[in-house]
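Novice:
Residue numbers (the working numbering): 31 to 200.
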């Protein structure tokens, strides 16, 4: 039986690397508030709790979004083989995705690593990949969204509104 790719997936994720430290700070603050014997200890704990929430929110706003490209397979063996090949070039994440009430194995790699690999091998990038890469590299969100809108409008104007998405019929 020949296995095949069920779906190609693109996911956007905000990776919060300081999550453990912030969670530990919040846990200690809650313990102090619970067993506080005076107002000073309780106000210290409330301040620490507020800081932990603020740090988490600010970090999520400042941290750039990571984009992963993934492939969902019919069987685990094929996913393991593909992941094994990809590990030579990329950091690979293996996960399970639910599609049509079935749990299926998936292999994900970082979009920027994928594009860099493409560029090194002198493959031409799809214009939409170039637009996505420019958007991800921009640090100012307002400027990034304006540039994204300009790029997409220019792209669709150039191609006459028709896009070849690489999907085959049949």
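Glycine is no exception: its CB is placed at the ideal position from the N, C-alpha and C atoms. A quick note: this is a predicted structure, and the numbers were derived from the prediction, not measured.
Just to confirm my understanding: we take residue 200, look at its own chain, exclude 5 residues before and 5 after, and list those with CB closer than 7 Å. What are they?
Specialist: At residue 200 the pLDDT is 41, less than 50, meaning the model places this residue with poor confidence; the figure from the coordinates comes in the next sentence. Cβ within range, chain order: n/a, list empty.
Novice: Should residue 186 be labelled buried (16 or more other beta-carbon atoms within 10 Å of its own) or exposed?
Specialist: exposed
Novice: Does the distance from the CB of residue 126 to the CB of residue 112 come in under 8 Å?
Specialist: no
Novice: Could you give the residue range of the beta strand (DSSP E) that holds residue 157?
Specialist: From DSSP, residue 157 is part of no beta strand (DSSP E) but of the alpha helix (DSSP H) over 157-167.
Novice: Looking only at its chain, what residues have a beta carbon closer than 7 Å to the beta carbon of residue 197, apart from the 5 residues adjacent to it on each side?
Specialist: Confidence in residue 197 is poor, its pLDDT being 47 and thus under 50, which makes the residue's placement unreliable; the coordinate value appears in the next sentence. Closer than 7 Å at the Cβ level, and outside the excluded window around residue 197, lies no residue.
Novice: May I ask you to report which of helix, strand or coil DSSP gives residue 181?
Specialist: helix
Novice: In whole angstroms, what is the alpha-carbon distance linking residue 61 and residue 39?
Specialist: 42 Å
Novice: Once the 5 residues before and after residue 116 are set aside, which same chain residues still bring their CB inside 7 Å of it?
Specialist: 122, 137 and 139
Novice: For residue 135 versus residue 128, is the C-beta spacing smaller than 8 Å?
Specialist: No; because the gap between Cβ atoms is not below 8 Å, this pair is not in contact.
Novice: By alpha-carbon positions, which one of 170, 174 and 110 ends up nearest to residue 162?
Specialist: 174
Novice: Using DSSP with H/G/I as helix, E/B as strand and the rest coil, what is residue 110?
Specialist: helix
Novice: Could you check where the alpha helix (DSSP H) with residue 147 kicks off and where it finishes?
Specialist: 141-150
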